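Residue numbers (this note's numbering): 10 to 144. Below: the structure, in structure tokens.
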Amino acid sequence: MRLTIAGLLAGAVATAGASTAAAAAKVIKGSSGPLVATLTPSTHTPKINTLVPITVTATLSGKPAHATAAYEFVFGGAVVSTQYPYNNKHFSFTGHFSDKLNFPASSLGFTLTLRVVIKAAGHTVNLPCAITSHR
Numbered sequence: 010m011r012l013t014i015a016g017l018l019a020g021a022v023a024t025a026g027a028s029t030a031a032a033a034a035k036v037i038k039g040s041s042g043p044l045v046a047t048l049t050p051s052t053h054t055p056k057i058n059t060l061v062p063i064t065v066t067a068t069l070s071g072k073p074a075h076a077t078a079a080y081e082f083v084f085g086g087a088v089v090s091t092q093y094p095y096n097n098k099h100f101s102f103t104g105h106f107s108d109k110l111n112f113p114a115s116s117l118g119f120t121l122t123l124r125v126v127i128k129a130a131g132h133t134v135n136l137p138c139a140i141t142s143h144r
């Protein structure tokens, strides 16, 4: 499956597929009231045209949350593209989901912020992750 990201730098492409081996990056955590979410990227410096796995979890009052997710790609403080996991505008999940990102050559050397926006039970959590692709 393929999700094309339009925008200033052609952003990234999210796909589902085989995993890649990479050193684990810092887990990004956020909360809003009883909603707690985490984003676990495999790296903050992905190689261009290589699948980069991410994992997102969400709990509501300590139990797996029925939530929605969206990706916002931010460059220079402005959202340049909003996309959805698995190319599904109404993407929802319960507890967790995994996806893969593929950063194209047009993103080489630019620092983008991948912001995963999680919403559940009237609460919103933003999980920002700085990404700089390389060769």
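Each residue gets a CB set at the ideal place from its N, CA and C atoms; glycine is no exception. Small disclaimer: the values here were computed from a predicted structure and weren't measured.
Subject >> Test item: CB-CB of residue 81 and residue 66 under 7 angstroms >> reply: no
Subject >> For residue 125 and residue 94, the rounded distance between their alpha carbons >> reply: 10 angstroms
**OP:** Please list, in chain order, all residues of the same chain as residue 137 whose beta carbon is under 6 angstroms from its beta carbon, the five residues on each side excluded.
**Re:** 122 and 124
**OP:** Provide the residue(s) that pair with residue 78 in DSSP beta bridges, ordered along the chain.
**Re:** Residue 78 pairs with 127.
**OP:** In angstroms with no decimal places, state the Cα-to-Cα distance between residue 120 and residue 59.
**Re:** Rounded to whole angstroms, residue 120 to residue 59 spans 17 angstroms at the Cα level.
Original post:
Going by C-alpha distance, which of 141, 75, 40 and 133 is nearest residue 114?
Top reply: 141
Original post:
Is residue 97 helix, strand or coil when you go by DSSP?
Top reply: Note: residue 97 maps to coil in three-state DSSP.
Subject >> Under the three-state DSSP convention, the category residue 46 falls into >> reply: Assigned with DSSP and collapsed to three states, residue 46 falls in strand.
Original post:
Going straight from the alpha carbon of residue 34 to that of residue 110, what length do you get?
Top reply: 14 angstroms
Original post:
residue 7 lies in the beta strand (DSSP E); which residues open and close that run?
Top reply: Missing from the structure shown is residue 7; the chain here goes from 10 to 144 and no further.
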